[in-house]
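Here is the structure we will look at, set down as structure tokens.
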Amino acid sequence: MTTTIRLQREPFDVAAETERLTLDRTDIGAVVTFTGLCRADENGKPIAALTLEHYPGMAEAEIGRHVEEAAGRWPLLGVTVIHRHGRIIPGEAIVLVATASSHREAAFAAASFLMDYLKTRAPFWKQVEAPSETAAGKEAEAKKIWVEAKASDDAAAGRWSAPAPGRQAAKLK
Amino acid sequence: MKLLYFAWVRERIGKAEEDLEPPVGVATVAELMAWLAERDDQYAHAFENAGVIRAAIDHRHVRPEAAIAGASEIAFFPPMTGG
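So the sequence lines, in the order shown, correspond to chains A and B. FYI, the numbering for the first sequence is 1 to 173, going by our numbering. FYI, the numbering for the second sequence is 1001 to 1083, going by our numbering.
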């Protein structure tokens, strides 16, 4: 399996990353890409930007462990995970998960699994920056607020803890 | 051992990392948090609701009851909000 995990400040090119995943291969029948974007609102309030803090070293390691787990659950031929950090403005991409397999089911499931775990287990923290009412260019430190974790994200990740239907039964036989 | 703090835990404590050697009686992550909270008001503020704070030992998530013996790097942070 081809695995690419990158953390970076710079934007990424979804088309180029997808092409890299399938370059010179004819065994891949399905590529699913998920791109997470920065919205202009958080909890119904307008925001100027997001700033993502991360734990260098652990972030790569944790994503790598989840990619390995995904590869153990589904027959994957390639996985790319790119997560940005630093300041990101509305409309820009934050995260890319691309999964490749011979058939679509594994690619869809693995991409969903990886995103659910990125949300709740990868050491990243979002801070929202409210639109500035002060002089342009002035750093409004007091206006930055940490985003709170959502119970719905925990629930989404939790559904993968249950054994996949059929798999457990097969083991018991 | 090296201690790292992230997001609002870092802001409340006022530093991103430091080297500290907790006393022998401090054996678990939960005990380490309780010991840190005693250091001063900033640490007390950071760890006032220790139940919500997550920890990692040497880049792996751990539970509060995890032993800290042999750890070279322990990190404390709020629930994660990436993706």
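All residues carry an ideal CB built from backbone N, CA and C; glycine is no exception.
Under the three-state reduction of DSSP output, TYR1043 (chain B) falls in the helix class. Taking the Cβ atoms as the reference, ASP153 (chain A) lies roughly 5 Å from THR120 (chain A), within the contact range of under 8 Å. Against THR1028 (chain B), chain A offers no close residue; the least beta-carbon distance is about 20 Å (beta-carbon pairs closer than 9 Å). Look at VAL32 (chain A) here: in three-state DSSP terms it is strand.
Nearest CB-CB separation between TRP160 (chain A) and chain B: not below the 8 Å threshold. Look at the beta carbons and you see the segment 101-120 of chain A not touching the segment 38-46 of chain A: under three pairs across the two are nearer than 8 Å. At a cut-off of 8 Å between beta-carbon atoms, ALA1007 (chain B) makes contact with chain A. Interface annotation, MET1 (chain A): not in contact with chain B, CB-CB separation never under 8 Å. Of the residues assessed, ASP116 (chain A) falls on the buried side of the cut-off, its CB having 16 or more other CB atoms within 10 angstroms. The straight-line gap separating the alpha-carbon atoms of ARG9 (chain A) and GLU60 (chain A) is approximately 14 Å. Straight through space, the alpha carbons of ALA1046 (chain B) and ALA48 (chain A) are spaced by roughly 27 Å. Of all residues in the segment 105-126 of chain A, those with a C-beta nearer than 7 Å to a C-beta of chain B are MET115, LEU118, LYS119, THR120, ARG121, ALA122, PRO123, PHE124, TRP125 and LYS126, reading in chain order. For the segment 1060-1076 of chain B, the residues whose beta carbon sits under 9 Å from a beta carbon of chain A are, in order, ARG1060, HIS1061, GLU1073 and ALA1075. In this structure, ALA1027 (chain B) places its C-beta atom within 8 Å of the C-beta atom of ALA1069 (chain B). Neighbours of HIS66 (chain A) in chain B, taken as residues whose beta carbon is under 8 Å from its own, are absent, since the nearest beta carbon is some 11 Å off.
Note that the C-beta distance between SER1072 (chain B) and LYS1015 (chain B) is not below 8 Å. According to DSSP, SER101 (chain A) shares a beta bridge with A:ALA30 and A:LEU76. For ALA1044 (chain B), no CB of chain A lies under 8 Å from its own CB, so it is not counted at the interface with that chain.
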